[in-house]
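As they're listed, the protein sequences go chains X and R. Take 3 as the starting number for the first sequence in our numbering and just add one per residue. Take 15 as the starting number for the second sequence in our numbering and just add one per residue. No residue lacks a Cβ here, since even glycine has one placed at the ideal position from N, Cα and C. Note that the coordinates shown come from a computational prediction; the quantities given were computed from them, not determined experimentally. Since the structure comes first, as structure tokens, the remarks are kept for the end.
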Amino acid sequence: MLRRAKGNWTYFVIAALLLFSILIPFDWFLGRYTGLVILIGISTMVTVGLCLLMGYTGQVSLGQAAFYGTGAYVSAILSKTYGVNPWLAMLIAALATGAFAYVIGYPTFRLRGNYLAMATLGLGVIMWILFRQLSQYTGGPDGMAGIPYLSIGGFVFNTPFKRYFLVWLFCLVILLVSQNIVRSRAGRALRAIHGSEAAAESIGINVTQFKVKIFVLSAVYASLAGSLFAHHLRHVSPQSFDFMASVKLVVMAVIGGLASVWGAIFGAATTRILSDELLLRFGELDVIVYGLILILVMIFMPEGLFVKLKDVIAQWRLRYEQRGTKT
Amino acid sequence: MSADQFAQYLVSGITQGSIYALVALGFTIIYAVTKIINFAQGEFVMLGGMLSFTLAHSAGMPLVLSLPLSVLSTAVIGTILYILAIRTARKASVVSLIIVTIGAAILIRGLAAQLWGVGAVRPPFFTGDEPIPFLGALIRPQALWIIGTSLVATVVLHLFLSYTMMGKALKASAISQVAAAMVGIDTRLMALCAFAIAAALGAIGGVVMSPLTLTAYNVGVMLGLKGFVAASIGGFKSPLAAVIGGITLGVVESLAVGVDWGPFTSAYKDAIAIILLLLILLLRSGSLAAEERAG
């Protein structure tokens, strides 16, 4: 019955959402929020990686902003200071960040639980110090401005309108790739690991290797997002990549739901709207709100807010259907 | 580096290391009893320092009153944290518990920013600030207070764990929750005690440290990280190992800053602890993983 209920409705909802999102950047619609929605897209890319990491490896990265920042700075420095093609810079940044994550991830994933969290927290702090201190390359605490726009041939992504479609295209590709991974052989292996590591290992799944791969994937996502961020705002500074930035990313993932792919959009949007629009005028107050969100969501719905909401809606619909068949 | 300089760096290393040791003790005790890494551990240090500032300055209390009261209040906050957040989420996965304690950490930090503002504060020195010459080094009296207090706190903790019923019960539940429960130990109460003791230890660190180093709403993250590294050096095994880890980290950091690294200035001091942590993970991940399986 649930499957039948899904059918037409789902296509209708998807079509409506697609139309809605295409219309967003037009001035007569939600044009003035284009900047915000672009940033939501960029945050979503990082959040998907974190959701996969938390959901499938049972570990959390408290330094995801380090990978995000590495992507942003490598892109910025290569393309601005050394005149490298921005697309190539983006690729180099992603490869470098992935290699970097592998080096950190390999030793830590042999351990359960807490070490990855602390190692990544530490990594986040180191990278933040480097962004600030290597001022001859990074511009120090003030950051660097004048980063070139991305362009294809003669087409330059020089307006928010154009960049909106660019960023969300990237975001959509990442979401679809992630969904494919989750539904593929690798995804089944990951779910087996999630169920029982010992059982997964006994049927020949290399648990450590899978976890490291997911971690590297999440770092690459973050790096790509960082590169887009740098070429979008054309200005990067260390503040965007500090400890609180990493915590905010965890908040997005927690709201979006562990192991959930599409929830990431919801998590990123909620958090971005909270901090960029609603709580901005209250100063440090957003930190308190995030603290409460993390504690309450983890205690009462450890699978994440979005997943919980989805369950509740599914139940309502089921009840509605049943009432329909009776009368 | 001359002998005098070496002595100077050694002393400041031991002083800083004593604080790391107190934080590491907190990590170790909570981990031993509950298998949780409390990411809010550094916030207890911040709270201790901030409360002692408020009680001494704004409330005008004498130090003999304000210091114990700051430590006691922080212990109460640690207990509340355990009851409200940790115990309710007790059955949750490791990742959920990490996130809960992170949430608690930034909640405490955010509240502190609201209460005390974002500037650094300095509580009064315990006994003035006239440096004492010692073996070619100049020691500030507050440094002696820091080292002495940490030493006393460690010894008291050791006596408590070894010679009181409560302490032995804590030890028992650290060895095995099930066995401890079987002989009638309330393991939940023990977990609560572990949080209270860890909070108190952190606050003691904050109280003695703040007159020398100043304190602000955001010092908790770094101190927590350093304390965790110290506890990792000690292998989360025993209180003594945690203290040795703390002092080691403090001295290594201090000596590393003393060496002339050329372009790498002392701004990189904080990176040393993290590089140490990564080294420990690389070198010992095999044996640590084996231990986890055995435990």
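With a minimum length of 4 residues, the unbroken runs of alpha helix (DSSP H) contained wholly in the segment 68 to 143 of chain R fall at 77 to 95, 108 to 130. Assignment of beta-bridge partners to A151/R by DSSP yields F148/R. For the options A21/R, G74/R, Q30/R, F140/R, the alpha carbon positioned closest to that of P225/R is the one of F140/R. The segment 287 to 298 of chain R makes no contact with the segment 40 to 52 of chain R, as fewer than three CB pairs between them are under 8 Å.
DSSP assignment within the segment 179 to 206 of chain X yields the following whole alpha helix (DSSP H) runs of 4 residues or more, N-terminal first: 187 to 197, 199 to 204.
T42/R carries a helical assignment under DSSP once its states are collapsed to helix, strand and coil. Listed in chain order, the positions of the segment 110 to 127 of chain X with a beta carbon within less than 8 Å of a beta carbon of chain R are T110, R112, L113, R114, G115, N116, Y117, A119, M120, A121, L123, G124, L125, V127.
Judged by DSSP secondary structure, T227/R falls within the alpha helix (DSSP H) whose first and last residues are 201 to 227.
For I113/R, the C-beta contacts it makes with chain X under 7 Å involve V62, V252, V256, L296, M300, in order along the chain.
Non-local C-beta neighbours of G238/R in its own chain, meaning closer than 6 Å and more than five positions away in sequence, comprise Q55, G56, ordered along the chain. The three-state reading of DSSP puts A54/R in coil, since its state is none of H, G, I, E or B. Checking the DSSP bridge columns, you'll see M196/R has no partner listed. Judged by DSSP secondary structure, D288/X falls within the alpha helix (DSSP H) whose first and last residues are 287 to 302. Among the bridge pairs identified by DSSP, S153/X is matched with V158/X.
Chain order gives no chain R residues near I42/X, where near means a beta carbon separation below 9 Å; the closest approach is about 22 Å. Looking only at D244/X, L226/X, L311/X, S220/X, the smallest Cα-Cα distance to P143/X is reached by D244/X. When 8 Å is used as the limit between beta carbons, F242/R is near these residues of chain X: M120, in chain order. In summary, the residues of the segment 32 to 51 of chain R whose CB is separated from some CB of chain X by less than 7 Å are I51, in the order they occur in the chain. At least 8 Å separates the beta-carbon of V135/R from that of L77/R.
Under the Cβ criterion of 8 Å, Y282/R is counted among the residues facing chain X. Between the C-alpha atoms of A78/X and A232/X there is a straight-line separation of about 6 Å. Burial check for D18/R: the Cβ neighbour count within 10 Å stays below 16, so the residue is exposed. Beta-bridge pairing by DSSP links H237/X to A147/X.
Rounded to the nearest angstrom, the Cβ distance from S66/R to L86/R is 11 Å, too far for a contact under 8 Å. With contacts defined as CB atoms closer than 8 Å, A224/X and M129/X fail to qualify as a contacting pair. Only those residues of the segment 118 to 135 of chain R whose C-beta falls short of 8 Å from the nearest C-beta of chain X are listed: A118, A119, I120, L121, I122, R123, G124, L125, A127, Q128, V132. If you look at L237/R, you'll find it in the alpha helix (DSSP H) that goes 234 to 247. Using a 10 angstroms sphere on the CB of V76/X, the tally of other CB atoms reaches 16 or more, which defines it as buried.
Taking each of I24/X, M254/X, W11/X in turn and checking the Cα distance to G306/X, the smallest one comes out for M254/X.
Within 10 angstroms of the beta-carbon of R274/X lie 16 or more other beta-carbons, which makes it buried. When the beta-carbon positions are compared, L295/R and P109/X come within less than 8 Å of each other.
Taking 8 Å as the cut-off, the beta carbon of L251/X is found closer than this to the beta carbon of V48/X.
When CB distances to chain R are screened at a threshold of 7 Å, the residues of the segment 300 to 327 of chain X falling below it are M300, I301, P304, in chain order.
One finds M120, L123, G124, V127 in chain X with Cβ atoms closer than 8 Å to the Cβ of L239/R, taken in chain order. Non-local beta-carbon contacts of A121/X in its own chain, meaning distances under 7 Å to residues more than five positions away in sequence, involve I106, T110 in chain order.
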